[in-house]
Amino acid sequence: LDTDVMIALWGATQPMPEQEQRYWQLDLEINTRGLGVDVEAAQGMQEMFDLAHELIDFELSVATSGKLLAASEVQKIKAFAADLGQEMDDSGRETIKTLLSRDTLPAALRDVLALRLDASRAPKKQGAILRAHVDGRMCHSTVYHGALSGRSTAMGCGDAQLLNVARPRPGHKAAQCESYLEAAKRRDFDFLCKPEVGPPLAALADAQRALFCATKPGHVLVCADLSGIEARLTPWCAGDEDVLIEFEQGIDGYVTEAMSIFKLDREQVTSDHRQIGKVVRLSLGFGGGDGALDNMAQNYGVKLEDDLRRQIVWGYREGHPKMSTWWSTLE
């Protein structure tokens, strides 16, 4: 049956375009060769990761007299907060930061949430490397045409997500982050605890990018990122010249979107307004609706009321008619 289906599909589908065929072959070549990683550093990072979590859980147990035993026990933390009169819709980092900014927060809960926030900064790349590396290389880390738009995705090779390695905290330069990784390699936990370096898990997360490196003598790993590629791609495909002109003239499109949403002049737009404009353009550009906007808003720590969310969705579609026409054409 599988063979019959394969033969039928072969007859029903068109040959792959030459350019796409070359891209697939290049993708396969790169994935087969793999990307070099520092396995020794990943092992040291994992050991420091485990130690940091053990200490956080111990401090949490002491702070709550044994009521909470692990920072990963989200439901118990929510129940603990409720007992102190604080309702938590979720335990995400942005929610915790908002709660910690309140002067009226009970001291006992402040200690718990601070520990939970520390735990949430934990790095993940080292675990993927240790699970999936082959002789110090991460092979088949991307999936060809993994996204609906046709771009590759990074859900292979131990779920390392090599297309999105988090930036260090503001002010932590590359050389500093490399020193954090060296500390992990020599198991120097005291160094990671220094005020200008830690908390330890945050320092380890800062060092994740340095795990990926050129392992062959005489080679250098070159990293590149296309600026605002998703925000640029959709208007280009849709022929939305107004948005493309913004990019050509160096105009901040996220600010422009915020101006449209909140009916503000450009100088009135705050960083919070701009963040909403960014979420709107990235989530709605490919035809997303209320759900897509809500999901991305949560990922960016942006809270939008239901009525405002619906208003934004329809306002975006009315304000970008060429986008709507493009989506209809694709359908």
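In the working numbering, the protein residues as written are 417 to 747.
Glycine is no exception: its CB is placed at the ideal position from the N, C-alpha and C atoms.
Nothing here was measured: the structure is a model prediction, and the numbers come from that model.
Between the beta-carbon of P584 and that of M461 there is about 14 Å, and that puts the pair past the 8 Å contact cut. For the 8 Å CB-CB criterion, A654 and M739 form a contact.
For the set E664, A535, G552, V478, the Cα lying nearest the Cα of S488 is the one of A535. Judged by DSSP secondary structure, H469 falls within the alpha helix (DSSP H) whose first and last residues are 455 to 479.
Q684 sits exposed, since fewer than 16 C-beta atoms from the chains shown fall within 10 Å of its C-beta.
Beyond the five residues adjoining it in sequence on each side, L579 comes within less than 6 Å, by CB distance, of A570 in the same chain, given in chain order. The beta-carbon distance between E662 and T650, rounded to whole angstroms, is 13 Å. This is too long to meet the 8 Å contact definition. In the displayed model, F702 falls within coil according to three-state DSSP, outside both helix and strand.
For I667 and D681, the gap between their C-alpha atoms comes out near 14 Å. Taking the Cα positions, L476 is about 55 Å away from T745. Membership of G731 in the alpha helix (DSSP H) is indicated by the continuous run 722 to 735. Here V455 is near G552, since their CB atoms are less than 8 Å apart. In this structure R537 touches A621 by the C-beta definition: roughly 5 Å separates them, less than 8 Å. For K483, no alpha helix (DSSP H) encloses it, and the DSSP letter there is neither H nor E. With respect to the C-alpha of A708, the residue from D519, G731, S699 having the closest C-alpha is S699.
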